[in-house]
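In what follows, a structure is listed as structure tokens, so that the remarks can point back to it.
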Amino acid sequence: MQDNSGARMLWVDHMIRIRDHQDQAAFADLFGHFAPRVKGFLMKSGADASLAEECAQEVLATCWHKAHMFDPTRASVATWIFTIARNRKIDVLRKQRRPEPEDLGWGPEQEPDQADVMALQQESEQLGQAIAELPPAQRELIEKAYFGDLSHSEIAEQTGLPLGTIKSRIRLALERLRHAMK
Amino acid sequence: MKQNIKHHLTDSILMGYAAGTLPEAFNLMVATHVSLCNECRARLEGFEAVGGEMLDQPASNEVAMDAGSLAATLSLIAGGAQDEIRVPRVSGSSVLPGPLQDYVGGDLDAIQWRGIGMGVKQAILPTSKDASARLLFIPAGAAMPDHGHKGLEMTMVLQGAFQDEDDYFSRGDVEVADSDTHHTPVADIHEDCICLAVTDAPLQFQGLLPKIAQRFARI
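Protein chains in written order, with the numbering used here: chain C, 1 to 182; chain S, 1001 to 1219.
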């Protein structure tokens, strides 16, 4: 384990313990960290507290049941949980069917190469840093785009910023993120 | 897989899919295009990673779980998996990628086409009402009627190719048009063209007769 990808590698290790040993202590740690975040995400997307609580429990239960499908060469644990929470949001809050791309069949059938895992988790760390360092105005708009369940034009309505400004700020933020990832 | 796709999805659409804020018809477009386009698949995973890192930012979005929440979740787990694990769809060499086959209920021969004039046919797919999705069949060499747009429209080629004033679109390419776009796509002469088209507003045909037809055909 190396430099500051430590936290992310730790969560990967937790997922492996859950997958291989049904480790309840590892699950309790994961739950303690991610469940309140998932609940917050769902409430910002329009769920009331009790629905968000129920869905957050279901999202974390899904992490347990689908632990074998988590591939640490493709996503951080946070990203994987985010996509499960997003799917739950579409199912329960938006009540839409949820078309998904065809699978490439890259499933984690055999034990992934540790160097690949490390590389992906380090990139995630860099991305997290880059987001933390965004100017507040840009970060706030990214947050609204992801957590407010708002389209760009709805963000315009809420913030009073012209749509063009929002699009260019988000674009600027994405460019900064890309730059930071190089 | 060899990829010749030149016209891709926008950042804004990929980010909306990652965040789960798009209308269902737009999600269907993203899922269909990404099934054919490794570049957009990688970009989408990037936007999902941004979502993951936003979720993981220190203390910004936490709401405390109820007392006894962990125990409740563990008993949920003991009750077994709730949602079935999806069987990955592989469409093989079909014209319709997996996500579209789900909506059509089969392959090309399962599409219920309805003629809308000049040999052009369409099949509206069942999605939520905030946007619409349909398959379009344009005979080789035929033109789509000239039309403007009120909202955002994306058209992706599944078979054949089409050309508008600016560009050439073949399998996997997505044309993005908005209210400033007035165009006349023409199908390539070599093969009948099949497209997936999604829009968040009804298309506006210019001229009186198509407007009347529009009320019946739901274009």
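C-beta: ideal position from N, C-alpha, C; glycine also.
- Residue pairing by DSSP places S:K1121 opposite S:G1115, S:F1137 in a beta bridge.
- Against chain S, the beta carbon of C:S76 has neighbours under 8 Å at A1049, G1052, E1053, D1056, listed in chain order.
- C:I166 and S:A1019 have their C-alpha atoms some 16 Å from each other.
- If you look at S:C1037, you'll find it isn't in any alpha helix (DSSP H); DSSP assigns it neither H nor E.
- Bridge pairing for S:S1132: S:T1199 [DSSP].
- In this structure, S:E1175 lies near S:M1156, with their beta-carbon atoms less than 9 Å apart.
- With a threshold of 9 Å between beta carbons, S:T1032 makes contact with chain C.
- When the alpha-carbon of S:L1036 is set against those of S:G1172, S:L1136, S:A1197, the nearest one is in S:G1172.
- In the structure shown, the three-state DSSP call for S:M1154 is strand.
- Around C:T79, the beta-carbon contacts reaching into chain S at under 9 Å are E1045, E1048, A1049, V1050, G1051, G1052, E1053, L1055, D1056.
- In the assembly as shown, S:T1010 is an exposed residue. Its beta-carbon has fewer than 16 other beta-carbons within 10 Å.
- Straight-line spacing of the CA atoms in S:A1197 and C:H152 works out to 21 Å.
- In the pairwise beta carbon analysis, the segment 72-86 of chain C is classified as not touching the segment 1094-1105 of chain S: fewer than three pairs are separated by under 8 Å.
- Residue contact with chain C for S:I1077: present (Cβ-Cβ distance below 9 Å to some residue of chain C).
- Counting C-beta atoms within 10 angstroms of its own C-beta, S:A1161 has 16 or more neighbours from the protein chains shown and is therefore classed as buried.
- Within chain C, F31, A35, Q57, L60, A61 have C-beta atoms less than 8 Å from the C-beta of S:T1073, given in sequence order.
- At a C-beta separation below 7 Å, C:D13 has no neighbours in chain S, since its nearest C-beta there lies roughly 16 Å away.
- Pairing C:A52 with C:K39 gives a Cβ-Cβ distance under 9 Å.
- Any Cβ of chain C closer than 9 Å to the Cβ of S:R1114 would place that residue at the interface, and such an atom is absent.
- Against chain S, the CB of C:H21 has no partner CB under 9 Å away; the residue lies outside that interface.
- In summary, the residues of the segment 1017-1042 of chain S whose CB is separated from some CB of chain C by less than 7 Å are A1019, G1020, T1021, E1024, N1027, L1028, A1031, V1034, S1035, R1041, in the order they occur in the chain.
- In the DSSP annotation of this structure, the continuous segment of the alpha helix (DSSP H) that includes C:S50 starts and ends at 49-65.
- Rounded to the nearest whole angstrom, the C-alpha separation of S:T1021 and S:D1130 is 12 Å.
- Annotated three-state conformation of S:I1189 is coil, per DSSP.
- Below the 8 Å Cβ cutoff, chain S contributes no neighbours of C:D71, its closest Cβ being approximately 11 Å away.
- When DSSP states are grouped into helix, strand and coil, S:S1179 belongs to the coil group.
- Approximately 7 Å separates the beta-carbon atoms of S:N1061 and C:K44; this is inside 8 Å, confirming the contact.
- In this structure, C:S76 keeps its C-beta atom at 9 Å or more from the C-beta atom of S:G1046.
- In chain order, H1008, L1009, L1014, H1033, V1034 place their CB closer than 7 Å to the CB of S:C1040, counting only its own chain and leaving out the 5 sequence neighbours on each side.
- The alpha-carbon separation between S:A1133 and S:R1114 amounts to approximately 14 Å.
- The continuous beta strand (DSSP E) containing S:S1170 extends over residues 1168-1170.
- Three or more Cβ pairs closer than 8 Å define a contact, and the segment 53-72 of chain C meets that threshold against the segment 1069-1076 of chain S.
- Under the DSSP definition of a beta bridge, S:Q1159 partners with S:I1194.
- Distance from S:Q1163 to S:D1188 at the Cβ level is roughly 7 Å; contact confirmed, criterion being Cβ atoms closer than 8 Å.
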